[in-house]
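Everything in the sequence shown is counted per my numbering, starting at 7 for the first residue and increasing by one. So the structure is just underneath, and the comments pick up after that.
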Amino acid sequence: MVVVLLFRVLIVIALVLLVYTWIQYIRNPERRVRIAKESNDFFFHDDTYDNKRNLQLVYKGCLFDGEKYLGTTEDSFEVVDIHITVRDPIELRGFTRDDLYFLEKEILIHYPYAKITWKHPINELILTPIE
7 MVVVLLFRVL IVIALVLLVY TWIQYIRNPE RRVRIAKESN DFFFHDDTYD
57 NKRNLQLVYK GCLFDGEKYL GTTEDSFEVV DIHITVRDPI ELRGFTRDDL
107 YFLEKEILIH YPYAKITWKH PINELILTPI E
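Encoded structure:
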């Protein structure tokens with residue numbers, strides 16, 4: 007009788023662990039970035055409360071990484087500088103200035119005090135800063 011009860015408890019624990027693992031898999035940001043990249047969607051991944059973690063952007067199948075730097079504004083400490091690089095420059099094929107301006111606007115929604123710096127080769131396309 008005790009063995010049957012113990013077996014049932016182990017089955018329930020296994021099911022709970024399976025459901026937990028499935029939920030963690032569904033919510034995994036790397037998986038969501040990969041899906042957005044494959045489907046050429048826009049995806050913004052960032053932990054806005056953790057300034058040490060980099061942000062990731064996917065747009066038109068291109069993956070961008072952004073390094074955040076904390077600084078001071080008039081009232082508080084905010085992210086004031088973001089350096090954006092591209093992981094694979096060949097993925098930039100077909101990008102226009104308007105695409106990069108769209109990305110800047112999306113970043114500025116989350117970090118309104120940030121100055122965005124595009125790293126090579128993206129900075130060759132950006133001629134005028136966005137206002």
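Positions of the beta carbon are idealized from the N, C-alpha and C atoms, including for glycine. Predicted, not measured: the structure shown is a model, and the values here were computed from it.
Would you mind giving the Cβ-Cβ distance between residue i and residue j, rounded to the nearest angstrom? I have them listed as a contact below 8 Å.
i              : j             : result
alanine 120    : isoleucine 88 : 5 Å
isoleucine 128 : valine 86     : Not confirmed; about 20 Å, so no contact.
Just how far apart, CA to CA, sit residue i and residue j?
i              : j              : result
leucine 109    : valine 9       : 59 Å
isoleucine 122 : glutamate 73   : 10 Å
aspartate 47   : threonine 78   : 34 Å
glutamine 30   : glutamate 97   : 29 Å
tyrosine 75    : tryptophan 124 : 14 Å
arginine 33    : leucine 24     : 14 Å
Answer with buried or exposed for residue i, where buried requires no fewer than 16 other C-beta atoms within 10 angstroms of its C-beta.
i              : result
lysine 43      : buried
tryptophan 28  : exposed
tyrosine 117   : buried
valine 64      : buried
isoleucine 113 : buried
Exercise for the section: Kindly confirm or deny that the segment 60-72 and the segment 100-110 touch, where touching means at least three C-beta pairs closer than 8 Å. Expected result: yes
Practice task
Run through the segment 50-94 for me and flag every whole beta strand (DSSP E) of 3 or more residues, listed as ranges in chain order.
Solution key: 61-65, 68-78, 83-92
Exercise for the section: Please list the segments of the alpha helix (DSSP H) lying wholly inside the segment 93-121, counting only runs of 4 or more residues, in order along the chain. Expected result: 103-116
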